[in-house]
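Report on one structure; see the data block that follows.
2 protein chains.
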Amino acid sequence: MKEESVNVSEATILDAARAVFTEKGMAGARMQEIADRAGINKAMLHYYFRSKEKLFDRVFQEAFQQFWPKIETQLNADMNPKLLIKGIIESYVELFLEKPYLPNFIISELTRDPERIEKLMQKSGVAPIQLVRYVKHQMEKGVIVEMDPRELFINVIALCIFPFAARPLISRIIWENDQDSYTAFLKRRKESVFQFIENIIFND
Amino acid sequence: MKEESVNVSEATILDAARAVFTEKGMAGARMQEIADRAGINKAMLHYYFRSKEKLFDRVFQEAFQQFWPKIETQLNADMNPKLLIKGIIESYVELFLEKPYLPNFIISELTRDPERIEKLMQKSGVAPIQLVRYVKHQMEKGVIVEMDPRELFINVIALCIFPFAARPLISRIIWENDQDSYTAFLKRRKESVFQFIENIIFND
DNA sequence: GTCTATAAAAGGATAGAC
DNA sequence: GTCTATCCTTTTATAGAC
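Line order of the protein sequences matches chains A and B. Just so we're on the same page, my numbering is the position in the first sequence counted from 1, plus 4. Just so we're on the same page, my numbering is the position in the second sequence counted from 1, plus 4.
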């Protein structure tokens, strides 16, 4: 049993890579910086992952799987729609509270290279399609107000994501750089988003 | 009077630079590609703008001024609040229909380098603060439902921006890559965003 | 103002010793 | 597995002729 650290694990490298890639983006990231943060040298990076591209792919794929969530796990036909929507909002906001870098990272890297989506879609299922079908059903029953279910989905997600994605802009300008206060605002989002839309979408 | 083109104007370079910077970002952009699109060589870029950094600053500043809008121009105390909100939504959606790259460009570059905001704020006024004051007044009068005016502002902007910012993601997955249909959806946003929130925020 | 040529530096990747 | 040294390409930036 050695006292000092043994192998550089993949996990150590991935942690460092995630930090650098999410902060600087694929194009702005430097292999040197990743190596430094992982406490190793560049050669080791290429030993574990053959290239910058492959390392990025790995990091991005893991991020996308978290971002593109497991909505269908909560989904079955006789569920309370209010609780369902509330649940979606809560799990999204909680995710972004924990990993605030996710929204921007996903969106901006997909904007630069949209082809990437095709690769990813095979790995993770297409949950929202089922969700759309469920919501449509609830609309026909008169529980939810009639509208394009996709539009409803986008509106909910928009309200969840935007305050995290645009934090540097909003917190500095609208919150006058009071970061503590802005963090508190984000924590309240789980309730406030639902409260905001509750009266629009449900025919009580 | 010559037939063929005369000087390479600053404007020609800026057009090319805007195209490349907004597509690839600061880190991913290449001076060579900007030169090619402008129909000149790299040396000319450095002749007009001393460095990549300075060229980017110019492009970004112009983008930010469009993005950070002239809300206060529409603002006076006895205005109809419904029309005001409607007007804000319309001018934002119209802006993004015309320049879809703006949201991502601004947000992702500010995320990478938040310090940049300080420089920019001096150049363009801080309109939304006035807006917040106006909305607060309308709430006290009972015209608009009581809530944090900043939250209302963010929610409205979120609904306007997100479908443009996340287009690659949403159009491919939720719209199953039917780009025409998604474009039509975006064009309808001027009306649909207002319609969505109208019943929440106004005590009719 | 515009070009060619080139400097100077950075960054990704590999060879080879241990 | 881990390191040092090095290769090779890309990229920003400048010098200098016209």
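Even glycine gets a Cβ: it sits at the ideal position worked out from N, Cα and C.
**Message:** Please list, in chain order, the residues of the stretch 31 to 64 of chain A that have any C-beta partner in chain B closer than 7 Å.
**Reply:** Taking 7 Å as the cut-off between beta carbons, the residues of the stretch 31 to 64 of chain A near chain B are ALA31 and GLY32, in sequence order.
**Asked** What does ALA170 of chain B reach in chain A if we use C-beta pairs closer than 7 Å?
**Response** Correct list: ILE111.
**Message:** Between B:ILE44, B:LEU59, B:TRP72 and B:ILE93, which has its C-alpha nearest ARG22 of chain B's C-alpha?
**Reply:** Nearest option by C-alpha distance: B:LEU59.
**Item:** Identified DSSP bridge partners for ILE148 of chain B
**Value:** Paired residues: B:PHE206.
**Message:** Using a 10 Å radius around the Cβ and a threshold of 16 neighbouring Cβ atoms, would you call ARG54 of chain B buried or exposed?
**Reply:** Exposed: under 16 other Cβ atoms inside 10 Å.
**Per-residue burial, GLU113 of chain B [other beta carbons within 10 Å of its own, 16 or more giving buried]** = Counting Cβ neighbours within 10 Å, GLU113 of chain B comes out buried, since at least 16 surround it.
**Message:** By the DSSP assignment, the alpha helix (DSSP H) with VAL12 of chain A in it spans what residues?
**Reply:** Boundaries cannot be given for VAL12 of chain A, as no alpha helix (DSSP H) includes it and DSSP labels it neither H nor E.
**Reduced DSSP secondary structure (H/G/I, E/B, other) of MET5 of chain B** = Note on MET5 of chain B: pLDDT 36, under 50, position unreliable in the model; no value is reported.
**Distance CB(ARG120 of chain A)-CB(PHE64 of chain A) smaller than 9 Å** = Taking 9 Å as the Cβ cut-off, ARG120 of chain A and PHE64 of chain A qualify as a contacting pair.
**Prompt:** Taking just the CA atoms, how far does ILE133 of chain B sit from ASP182 of chain A?
**Reply:** Taking the straight line from one Cα to the other gives about 15 Å.
**Message:** Let me confirm a value: MET30 of chain B is counted as buried when at least 16 other C-beta atoms fall within 10 Å, else exposed. Which label applies?
**Reply:** Flag for MET30 of chain B reads buried.
**Item:** Contacting residues, own chain, Cβ-Cβ under 8 Å from ILE148 of chain A (five flanking each side not counted)
**Value:** So the qualifying residues of the chain are PRO85, VAL139, GLN142, LEU156, ILE205, PHE206 and ASN207.
**Message:** What would DSSP say about LYS103 of chain A, mapped onto helix, strand or coil?
**Reply:** Reduced to three states, the DSSP call for LYS103 of chain A is coil.
**With 16 other Cβ atoms within 10 Å as the buried cut-off, status of ARG193 of chain B** = Classification for ARG193 of chain B: buried.
**Nearest-angstrom beta carbon gap, ASN203 of chain B and ILE111 of chain A [assumed within contact, 8 Å]** = Contact flag wrong, Cβ pair sits at about 29 Å.
**Item:** Continuous alpha helix (DSSP H) assignments of at least 4 residues falling wholly in the stretch 118 to 190 of chain A
**Value:** Here the runs fully enclosed are 120 to 127, 131 to 144, 153 to 169 and 171 to 177.
**Asked** For VAL97 of chain A, which residues of its own chain have a beta-carbon under 8 Å away from its beta-carbon, when the five flanking residues on both sides are left out?
**Response** Hits under 8 Å: CYS164, LEU190, ARG193, LYS194 and VAL197.
**Message:** Between the alpha carbons of ASP184 of chain A and SER95 of chain B, how many angstroms are there, rounded?
**Reply:** So the alpha carbons of these two residues sit roughly 32 Å apart.
**Item:** Cβ of LEU163 of chain A within 9 Å of any chain B Cβ
**Value:** LEU163 of chain A counts as touching chain B.
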